[in-house]
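All remarks here apply to the structure that follows.
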Amino acid sequence: MDGADPIEVDELDPLSDAAVARLRADPRFREAAESFAAEALREFERADEATRWLQKDLGRASLYMACAILDLAPEGLTVTGLAATAASAGVCSRGRVLAFIHYALDSGRLTLAAGPEPWIRRRLTLTPMFMDNMRQRLHGGLESAALVAPEIAAALPKLRSDAIVSRATAAVGFLLKARPELNRNPGGPLRQIFIARDGGMRVLQHLMLRQDPGRERLMQTAEISRADLSRRFGVSRTHITRLLADAEAAGALTLPAPEQVVFAPAFSDEVEAYCAGQLQVMRTIAQTLMSASPAA
Numbered sequence: 036m037d038g039a040d041p042i043e044v045d046e047l048d049p050l051s052d053a054a055v056a057r058l059r060a061d062p063r064f065r066e067a068a069e070s071f072a073a074e075a076l077r078e079f080e081r082a083d084e085a086t087r088w089l090q091k092d093l094g095r096a097s098l099y100m101a102c103a104i105l106d107l108a109p110e111g112l113t114v115t116g117l118a119a120t121a122a123s124a125g126v127c128s129r130g131r132v133l134a135f136i137h138y139a140l141d142s143g144r145l146t147l148a149a150g151p152e153p154w155i156r157r158r159l160t161l162t163p164m165f166m167d168n169m170r171q172r173l174h175g176g177l178e179s180a181a182l183v184a185p186e187i188a189a190a191l192p193k194l195r196s197d198a199i200v201s202r203a204t205a206a207v208g209f210l211l212k213a214r215p216e217l218n219r220n221p222g223g224p225l226r227q228i229f230i231a232r233d234g235g236m237r238v239l240q241h242l243m244l245r246q247d248p249g250r251e252r253l254m255q256t257a258e259i260s261r262a263d264l265s266r267r268f269g270v271s272r273t274h275i276t277r278l279l280a281d282a283e284a285a286g287a288l289t290l291p292a293p294e295q296v297v298f299a300p301a302f303s304d305e306v307e308a309y310c311a312g313q314l315q316v317m318r319t320i321a322q323t324l325m326s327a328s329p330a331a
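All residue numbers for the sequence shown refer to the numbering used here, where the first residue is 36 and numbers rise by one.
Following this line, the structure appears as structure tokens:
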């Protein structure tokens, strides 16, 4: 690999069904998936209110990543460019883009250049707070992926450099361009309920880590407390109840008792495939970073 193509990984598609299946068969896959979930929860709990708001559901998290990717383009990041990207990828409406940008400006994650042009066409700049959050997310993800690919641990020290964090972001951008379906939400209950809704993925990660370590499947059964979930993730108990009820109606789980959830085998397979895909993305990023020149 000569570094010209930041998403090339040998001759294989890192997100092909075969690649994902190989990773799921790795004896340390479950450990890596649980580590990824635990890192995500730790990062959420370390984050301030603004960072949590900017990444709380699939739409906002996708906009956050899109900001970092567009910042690397020659024309830079603008409201107009972000709205066009969100529309073409089916991420969210223009109204949600404007709400996101206003919040990011008010919270110091972005700054807006002065100039005579309409503000939506002026360049937005990522602040150090924005970059630090990207760095922390990448570090946690790469540490987890290194459990199934120890060779990529060599990429971790490189994240101290903002240039390398930008390179990692570019790798994600190329991957999303090659696989635009990763930013859309056509899937089953995992994407349509847990990932797409406010705090839903955090709830699922919490439940993943509250299971018997000797279980047969990644998602099998767990005890739940709606009050605890509400407090931990900053959503109402009504929101938690509705999320679980909709997941039950979609066949993802059953609720045989008020404080117990049992996940369907097909839903566990969906979650496993998703987790394996996330780990494969981290492996791709790490290989990109390790191909970077020392001066990068």
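Each residue gets a CB set at the ideal place from its N, CA and C atoms; glycine is no exception.
Under the three-state reduction of DSSP, E258 is assigned to strand. For S201, same chain residues with a beta-carbon under 7 Å away, outside a window of 5 residues either side, are L107 in chain order. For L279, the enclosing alpha helix (DSSP H) covers residues R272 to A284. Beta-bridge analysis with DSSP links T289 to V297. Around the beta carbon of R195, a 10 Å sphere encloses fewer than 16 other beta carbons of the protein chains shown; the residue is thus reported as exposed. The bridge partners DSSP lists for T160 are T146.
Between the stretch 88–95 and the stretch 119–136, the count of C-beta pairs closer than 8 Å reaches three or more; the two stretches touch. Taken through DSSP and simplified to helix, strand or coil, L112 comes out as strand. In this structure, G111 places its C-beta atom within 8 Å of the C-beta atom of R158. Taking all protein chains shown into account, P224 has 16 or more neighbouring C-beta atoms within 10 Å of its C-beta and is therefore buried. For V183, there is no enclosing alpha helix (DSSP H), as DSSP marks it with neither H nor E.
Two segments are said to touch when three or more pairs of C-beta atoms, one from each, lie closer than 8 Å; by this definition the stretch 65–85 touches the stretch 237–245. When Cβ pairs closer than 8 Å are counted between the two stretches, the stretch 135–146 is seen to touch the stretch 156–174, the count reaching three or more. Within the same chain, and ignoring the five residues on either side of R261 in sequence, the residues whose Cβ sits closer than 7 Å to its Cβ are R272, I275 and T276. For R170, the CB contacts under 7 Å within the same chain, skipping 5 residues up- and downstream, are L194 and V200 in chain order. Spatial neighbours of A180 in its own chain (CB-CB distance under 7 Å, excluding positions within 5 residues in sequence) are listed in chain order as A67, I187, L314, M317, R318 and A321.
Around the C-beta of P49, 16 or more other C-beta atoms lie within 10 Å, and the residue is accordingly described as buried. Counting other Cβ atoms within 10 Å of its Cβ, Q90 reaches 16 or more and is therefore classed as buried. Remark: C-beta atoms of A299 and G286 approach each other more closely than 8 Å. Around the CB of S123, fewer than 16 other CB atoms lie within 10 Å, so the residue is classed as exposed. Going by DSSP, G235 is part of the alpha helix (DSSP H) stretching over G235 to M243.
Ranking F268, L177, L288 and T113 by CA distance to the CA of W88 puts F268 first. Rounded to whole angstroms, Q295 and P192 show a C-alpha spacing of 42 Å. Taking G150 as the centre and dropping the five residues before and after it, the same chain places the C-beta of R157 closer than 8 Å to its C-beta, in chain order.
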